[in-house]
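Trainee: My questions will all concern the structure given below.
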Amino acid sequence: MKINKVLAQEIADKVMSVIPYKVNIMDENGLIIGSGDKKRVGTIHEGAVSAIEQGTMITIYKPEGSSKPGVNIPIHFQNMTIGVIGISGDPRIVAPFAELVRVTAELLIGQEFLFKERRIKEQRVEEFLYHWAFRNDEYDTDFFNSAEAIGVNLKLVRKAVIIKGKLRKQPSLFAQEFTFKLNQESHLFIVPDTSDIVNRLEPLIAQDSKIGIGDRHEILAKSVQEAKRAIEISESLKFAQNISDYPQLKFIDYLTNKNVAFDEIIPFYAQLEENQKGQELLETLLCFIENSGDMNAISYKLHIHRNSLAYRLQRIEILTNKNPKNFIDLFQLFTGYVLYKMKHSS
Numbered sequence: 001m002k003i004n005k006v007l008a009q010e011i012a013d014k015v016m017s018v019i020p021y022k023v024n025i026m027d028e029n030g031l032i033i034g035s036g037d038k039k040r041v042g043t044i045h046e047g048a049v050s051a052i053e054q055g056t057m058i059t060i061y062k063p064e065g066s067s068k069p070g071v072n073i074p075i076h077f078q079n080m081t082i083g084v085i086g087i088s089g090d091p092r093i094v095a096p097f098a099e100l101v102r103v104t105a106e107l108l109i110g111q112e113f114l115f116k117e118r119r120i121k122e123q124r125v126e127e128f129l130y131h132w133a134f135r136n137d138e139y140d141t142d143f144f145n146s147a148e149a150i151g152v153n154l155k156l157v158r159k160a161v162i163i164k165g166k167l168r169k170q171p172s173l174f175a176q177e178f179t180f181k182l183n184q185e186s187h188l189f190i191v192p193d194t195s196d197i198v199n200r201l202e203p204l205i206a207q208d209s210k211i212g213i214g215d216r217h218e219i220l221a222k223s224v225q226e227a228k229r230a231i232e233i234s235e236s237l238k239f240a241q242n243i244s245d246y247p248q249l250k251f252i253d254y255l256t257n258k259n260v261a262f263d264e265i266i267p268f269y270a271q272l273e274e275n276q277k278g279q280e281l282l283e284t285l286l287c288f289i290e291n292s293g294d295m296n297a298i299s300y301k302l303h304i305h306r307n308s309l310a311y312r313l314q315r316i317e318i319l320t321n322k323n324p325k326n327f328i329d330l331f332q333l334f335t336g337y338v339l340y341k342m343k344h345s346s
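Here full-length UniProt numbering is used: the first residue of the sequence shown is 1, the next is one more, and so on.
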């Protein structure tokens, strides 16, 4: 730890605000780097050099070269002499202040050290989070070690949450939740997939802000891209709601972006065709579509009671996470069926 000129002047100013004497701060070589007399900054203080060499307080009673009467006390940090603080004046008067002034200086230096250490750690965390958010490759040993060094558990399955717009204040973050600014208008939150961060964020955003939520992934960058895409889709289609969940929008993304694989629903149809119960559900869904959701007409055509029909529709919703009675979900179910048949027809 070295005393820089800014900190040295700050120490000199603070000490002189409580004692009516000139104060000089010298570095480890005896060079004045902070002073109540700005003209002396940049000159060697001979009394300070002696204090450093002898490792003890030096008292000067008469002017000697560049030194004026007063006391010069070594400043220590982590058992090392890193500078000297000098108080100009009659030694008999200023000597009683010496220990108090030294302790004050060392406390200020300690605070500065802790601040720098904290800032360095924050910068390391921010740099890691940025690389993490955009790393598409598998995580190697070095990356795991870097994560462990700053307290990040890469083994947790994560999701990304992005806020685009004004965030009135930062929410409280729990263990293994991290955040940084993507740019001037967006914040990225990296959280475990079970986190309730969205509930904590919603009351803190401006009315015109948007929240995009990515799906859960072992490779975080995938979720980050999905969260960004969720906001883009929401803005393009002018959705009224603030929150956009990519898993619910992936079908729309598939329709406009052929690089997106839409594989959530298609396997569902393959499973249905493998057994009789599944074939009943498939028949029910197709009949539901053909009859525009008319429950009476569907029950009549399938020769089943309305309660049985309701049960089958509920089973479809449980298996696909899509509600046939919701128009957008039904559209996805139907299009998924068409895609499945087109890919698997003989």
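Heads up, the beta-carbon is just placed ideally off N, CA and C, and yes, glycines get one too.
Quick caveat, the model's predicted, so the values are computed rather than measured.
1. Does the stretch 191 to 208 come close enough to the stretch 156 to 170 to have 3 or more Cβ pairs within less than 8 Å?
2. Helix or strand or just coil, what does DSSP make of Gly42?
3. Give the DSSP-derived three-state secondary structure of Asn145 in the structure shown.
4. Buried or exposed, going by whether 16 or more other CB atoms sit within 10 Å of the CB of Val6?
5. Taking the runs of the beta strand (DSSP E) that are 3 residues or longer, which of them lie wholly in the stretch 137 to 191?
6. Does the beta-carbon distance from Met1 to Phe77 come in below 7 Å?
7. Given a threshold of 16 other Cβ atoms within 10 Å of its Cβ, counted over all protein chains shown, does Lys238 qualify as buried or as exposed?
8. Straight-line CA distance for Asn183 to Ala8?
9. Strictly by DSSP, which residues pair up with Ser244?
10. Grab the span of the beta strand (DSSP E) containing Gly30 for me, first residue to last.
11. Where DSSP assigns a beta bridge to Gly86, which residues make up the other side?
12. Residue range of the alpha helix (DSSP H) that Thr284 falls in?
13. For Gly151, is the classification buried or exposed, using 16 other Cβ atoms within 10 angstroms of its Cβ as the cut-off for buried?
14. Tell me, to the nearest whole angstrom, how far the beta carbon of Val198 is from that of Val224; I am working on the premise that it is less than 8 Å.
15. If you draw a straight line from the C-alpha of Ile252 to the C-alpha of Met342, how long is it?
16. Which class does His305 belong to by DSSP, given the choice of helix, strand or coil?
17. Are the CB atoms of Gly83 and Asp37 within a distance shorter than 7 Å?
18. What residue does the beta strand (DSSP E) around Thr194 start on, and which one ends it?
19. Could you check the C-alpha separation between Val191 and Gly55 for me, to the nearest Å?
20. Using a threshold of 6 Å, is the CB atom of Ala310 nearer than that to any non-hydrogen atom of the ligand COA?
Mentor: The answer reads as follows:
1. yes
2. coil
3. helix
4. exposed
5. 158 to 164, 178 to 183
6. yes
7. exposed
8. 35 Å
9. Gly212
10. Gly30 -> no beta strand (DSSP E), and no H or E assigned at all.
11. Asn24, Asn72
12. 276 to 290
13. exposed
14. Incorrect: roughly 16 Å between the Cβ atoms, too far for contact.
15. 19 Å
16. coil
17. no
18. No beta strand (DSSP E) holds Thr194; DSSP gives it neither H nor E.
19. 52 Å
20. As for the ligand COA, it is missing from this structure, which has no ligand bound.
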